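Asks: The opening residue of the sequence shown carries number 1 in UniProt numbering; numbering runs sequentially from there. Ideal placement from N, C-alpha and C gives every residue a C-beta, glycine not left out. This one's a predicted model, so the numbers in the text were calculated from it and none came from an experiment. Encoded as structure tokens, here's the structure I'll be asking about.
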Amino acid sequence: MPEFLPRSVVIAGGLVATTLVLSACGAGPDASTNADGESAATAITAEDFGGMDALVKAAKAEGTLNAIALPRDWANYGALIDGFEKKYGIKVKVENPDGASQDELNAVTSRKGKDTAPDVLDLGSSFAYTAAQKNLLAQYMVTDFIDIPDGQKDTMSRWYHGYGGYISIGCDAHRVKTCPTTFKDLLKPEYKGQVALNGDPNKSGSAFGSVYAAALANGGSFDYIQPGIDFFTKLRKNGNYTPVQSTGATIVKGRTPIVLDWDYLNARYTDKLKSRGVDWQVAVPEDGKFSEFYSQAINENAPHPAAARLWQEYLYSAEGQNLWLKGYARPALMAAMEKDGTIDKTAAAKLPKVSGTPSFPSEAQLGHAKDDIAQGWGKPVSR
């Protein structure tokens with residue numbers, strides 16, 4: 001995003017001390033250690049491990065990266081996975097590609113110490129905060145950590161934003177006479193049974209963001225998400241909300257002709273579903289603009305700690321960031337790349353248009369909002 005600016009980072013001796021207490025786990029001493037016998041599991045930077053060459057060597061020796069909940073058609077992850085495998089010869093195993101953020105955390109906790117545990121995580125911000133609070137994430141600073149905007153990275157480098165966008169309204173103009181462009185529009189009786197989310201807001205980051213956006217459109221704030229819950233309760237009572245989880249298949253079948261989702265996912269449907277007779281139009285609602293990024297993190301007990309760190313380095317390289325951009329997602333390093341000339345200008349020009357400068361809820365605000373949704377969503381909305 002154009003408003004993101006790099007900032008200076010002051011690293012105190014605490015990070016060095018932390019490296020002494022983190023324990024190695026996973027692929028064994030030969031695969032996950034460097035020439036000096038140092039473990040990748042304790043490396044907070046590539047330099048800690050002897051540099052990128054040493055990290056690449058160890059990651060190749062591990063040979064595998066365990067990922068989870070990374071659909072190939074979500075933010076261009078298919079191209080990212082293929083690019084990483086081709087560049088380094090490391091096999092990326094993706095489990096439960098359509099899983100939600102909570103599924104990722106469940107896998108981390110239930111498989112602690114097992115070779116099948118996820119190495120890396122792609123989490124909605126509220127779930128990244130929760131994982132950090134529960135000490136599930138390893139500290140690691142990618143090479144361009146300093147250019148990740150302020151407010152979009154953990155000061156202890158346990159997570160940092162990778163890509164994101166805005167909550168948007170997607171609509172099949174072939175099935176809907178007049179597509180809605182605001183949250184207020186969604187309450188109109190003509191949209192009965194047509195408005196869907198991409199999952200449950202207790203488990204899905206995009207659904208969570210949709211409730212937050214609805215709150216902002218109805219007198220709420222980052223501190224007060226209840227109006228968003230009330231909005232969907234009203235939407236259910238008037239018959240406009242459908243509990244069917246939206247996918248490309250449900251859109252093609254006409255089961256979810258109006259979908260609240262991230263703009264990069266809705267924008268992809270415009271291209272992907274055109275040949276199947278879907279005229280998918282996308283609008284970022286002016287009455288409820290909510291922007292959020294998905295966070296990247298490493299499992300503290302990653303079975304392949306070198307490959308996990310190399311994956312992060314790849315994601316935050318110009319190649320990785322531009323691949324996200326080609327998937328209509330706004331990469332965290334976008335401003336820095338615009339400044340140094342490494343941005344893919346053609347891909348950037350295709351992003352859905354948005355006015356103004358977004359702001360983001362704090363960790364505490366997200367935590368309170370998550371609690372409020374957990375308490376208030378189920379009975380009034382889902383029944």
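Which residues bound the alpha helix (DSSP H) around residue 144?
Replies: Position 144 of the sequence shown, counted from the first residue, corresponds to residue 144. Looking at the DSSP string, residue 144 is not in any alpha helix (DSSP H), and its letter there is neither H nor E.
Asks: Below 8 angstroms between beta carbons: does that hold for residue 140 and residue 294?
Replies: Taking the first residue of the sequence shown as 1, we reach residue 140 at position 140. Taking the first residue of the sequence shown as 1, we reach residue 294 at position 294. Contact: no.
Asks: Would you kindly work out how many angstroms separate the C-alpha atoms of residue 143 and residue 375, rounded to a whole number?
Replies: One-based indexing of the sequence shown puts residue 143 at position 143. One-based indexing of the sequence shown puts residue 375 at position 375. Whole-angstrom Cα-Cα distance: 40 angstroms.
Asks: Between which residues of its own chain and residue 372 is the CB-CB distance below 8 angstroms, once the five residues before and five after are set aside?
Replies: Mapped onto the sequence shown, residue 372 falls at position 372. Result list for residue 372: 225, 226 and 229, in chain order.
Asks: Unbroken beta strand (DSSP E) runs of length 3 or more, entirely within the region 114-138: which are they?
Replies: 120-124
Asks: Does DSSP classify residue 312 as helix, strand or coil?
Replies: Position 312 of the sequence shown, counted from the first residue, corresponds to residue 312. Helix, per DSSP.
Asks: Going by the DSSP bridge assignment, what does residue 304 pair with across the sheet?
Replies: Position 304 of the sequence shown holds residue 304. Beta bridge pairing from DSSP links residue 304 with no other residue.
Asks: Have a look at 236, 365, 203 and 130 and flag the residue whose alpha-carbon is nearest the alpha-carbon of residue 223.
Replies: The residue you call residue 223 lines up with position 223 of the sequence shown. Among 236, 365, 203 and 130, the Cα nearest to that of residue 223 is on 365.
Asks: Taking the CB atoms as reference points, tell me whether residue 233 and residue 256 lie closer together than 8 angstroms.
Replies: As a working mapping, residue 233 is identified with position 233 in the sequence shown. As a working mapping, residue 256 is identified with position 256 in the sequence shown. No. Outside cutoff.
Asks: Below 8 angstroms between beta carbons: does that hold for residue 160 and residue 332?
Replies: Here the question's residue 160 lines up with position 160 in the sequence shown. Here the question's residue 332 lines up with position 332 in the sequence shown. Yes; because the gap between Cβ atoms is below 8 angstroms, this pair is in contact.
Asks: By the three-class DSSP mapping on this structure, what secondary structure does residue 347 have?
Replies: Looking up residue 347 in the sequence shown gives position 347. Helix.
Asks: Leaving out the 5 sequence neighbours to the left and right, which residues in its chain are closer than 8 angstroms to residue 50 when beta-carbon positions are compared?
Replies: In the sequence shown, the residue the question calls residue 50 occupies position 50. These residues qualify, in order along the chain: 34, 35, 36 and 38.
Asks: Measuring only the C-alpha atoms, how far is residue 178 from residue 56?
Replies: Start at 1 with the first residue of the sequence shown, and residue 178 comes out as number 178. Start at 1 with the first residue of the sequence shown, and residue 56 comes out as number 56. So the alpha carbons of these two residues sit roughly 53 angstroms apart.
Asks: Specify the secondary structure class of residue 20 as computed by DSSP and reduced to three states.
Replies: For the purposes of this step, residue 20 is taken as residue 20 along the sequence shown, with counting starting at 1. Legend: pLDDT at residue 20 = 30, less than 50; position of this residue unreliable, value from coordinates given subsequently. Correct three-state label for residue 20: coil.
Asks: Enumerate in chain order the residues of its own chain whose CB-to-CB distance from residue 209 is below 6 angstroms, with the five nearest sequence positions on each side excluded.
Replies: Translated into the one-based positions of the sequence shown, residue 209 becomes position 209. 167, 290 and 292.
Asks: Determine the closest residue to residue 335 out of 328, 362 and 348, with distance taken between C-alpha atoms.
Replies: Working through the sequence shown from its first residue, we reach residue 335 at position 335. Residue 335 has its Cα closest to that of 348, out of 328, 362 and 348.
Asks: Ordered along the chain, which non-local residues of its own chain (more than five positions away) have a Cβ less than 7 angstroms from that of residue 202?
Replies: Translated into positions along the sequence shown, residue 202 becomes position 202. So the qualifying residues of the chain are 373, 374 and 377.
Asks: Terminal residues of the continuous alpha helix (DSSP H) containing residue 107?
Replies: Taking the first residue of the sequence shown as 1, we reach residue 107 at position 107. It spans 101-110 - the alpha helix (DSSP H) in which residue 107 sits, taken as one unbroken run.
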